[in-house]
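The sequence shown maps to residues 0 to 198 in numbering that gives the first Met the number 0. Backbone N, C-alpha and C define an ideal beta-carbon position, used for all residues, glycine too. Only one structure is covered here, and it is reproduced in the block below.
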Amino acid sequence: MSIHLLMSRNSVRNTTFSCDSLGIHYDVSRNKESGVVTVQRWDSTTDSNVFVGEFYLSWFKPDRVRMGPDGQWMSKKRFLYKEGRNPISAYVSFIGLATPIFSVKRLTLFLNRARTFEAADGTKYRWKLRWNKLQLCYASSENKGKAALVMYHRHYTAGKVSYLEVNDSSVLEALDPIIVSFLIMEKERRDRDKAAQRS
């Protein structure tokens, strides 16, 4: 049976994710001055919020992320990375000239929006965009083609709540980086959609 993490708002910078029956509650808020988005999780044992992570996405400054109260800021590309090689960096010598190789496979890799991150236990997860919906899967090739672990359901109509659907409860241990990475991926997807509508 799947678990629904309900969002209080359709925003990825000011919202909450909650599943009352399991005692799961995340607060997401954006500092208006710095632009940093902070994610906190309610801890039932201490009855207080615990710092999960924060991120900063900007058009003019480097994107950065930090996880955990003692975590150091890192580039977003280090936290959420694209697997494989960039086709632009692949060159061969052809008649004494460096010529880029553009194969269909490499071009697909270059245009791919999927991003991978690693949980604290070393498990790698990958966010993929399927039919304009974010889905989380295991990154390993042996799990390729299996059902999504987490799916995002976004509702645009008033009265309907957007939510993350957790299809495999084993990922609940990695929920902190899943929430932070989801917020980054969805923010970037919405920014791309807005840019495409303007052009």
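Under the assumption that residue i contacts residue j (Cβ atoms under 8 Å), give the Cβ distance between them as a whole number of angstroms.
i	j	result
Ile178	Val35	The pair is not a contact, with the Cβ atoms about 16 Å apart (cut-off 8 Å).
Met6	Val170	Rounded, the Cβ-Cβ distance is 18 Å, inconsistent with contact.
Glu53	Arg65	6 Å
Lys127	Gln134	5 Å
Start and end of the beta strand (DSSP E) containing residue i?
i	result
Leu135	132-137
Glu32	Counting along the chain, Glu32 falls outside any beta strand (DSSP E), and DSSP gives it neither H nor E.
Leu5	2-6
Tyr162	162-165
Val170	Val170 -> no beta strand (DSSP E), and no H or E assigned at all.
Val64	63-66
Ser17	14-18
His152	149-152
Trp126	123-129
Asn48	47-55
Phe116	114-117
Can you tell which of the options has the C-alpha that lies nearest to the C-alpha of residue i?
i	options	result
Cys136	Arg29, His154, Ala173, Tyr162	Ala173
Val49	Ile23, Lys193, Ala113, Gly121	Ile23
Ala119	Glu141, Gly158, Pro176, Tyr155	Pro176
Lys81	Lys60, Pro61, Thr45, Phe116	Phe116
Leu56	Arg197, Pro68, Trp72, Leu21	Trp72
Taking the alpha helix (DSSP H) that residue i belongs to, which residues open and close that run?
i	result
Met184	174-197
Phe78	75-78
Determine the contact status of residue i and residue j, defining contact as a CB-CB distance below 9 Å.
i	j	result
Arg8	Arg29	no
Arg77	Ser180	no
His3	Tyr162	yes
Thr44	Asp26	no
Ser222	Arg63	Since the first residue shown for the chain is 0 and the last is 198, residue 222 is missing from the structure and cannot be characterised.
Lys132	Arg153	yes
Could you check if residue i belongs to the surroundings of the ligand SAH, using beta carbon to heavy atom distance under 8 Å?
i	result
Tyr55	Absent from the structure shown: the ligand SAH. Ligands present: none.
For this session: Specify whether the segment 19-36 and the segment 174-190 touch according to this definition: at least 3 beta carbon pairs, one from each stretch, less than 8 Å apart.
Result: A contact exists between the segment 19-36 and the segment 174-190.
For this session: Count the CB pairs spanning the segment 142-154 and the segment 166-181 that are closer than 8 Å, and state whether there are at least three.
Result: Touching, yes, given that three or more Cβ pairs across the two stretches are closer than 8 Å.
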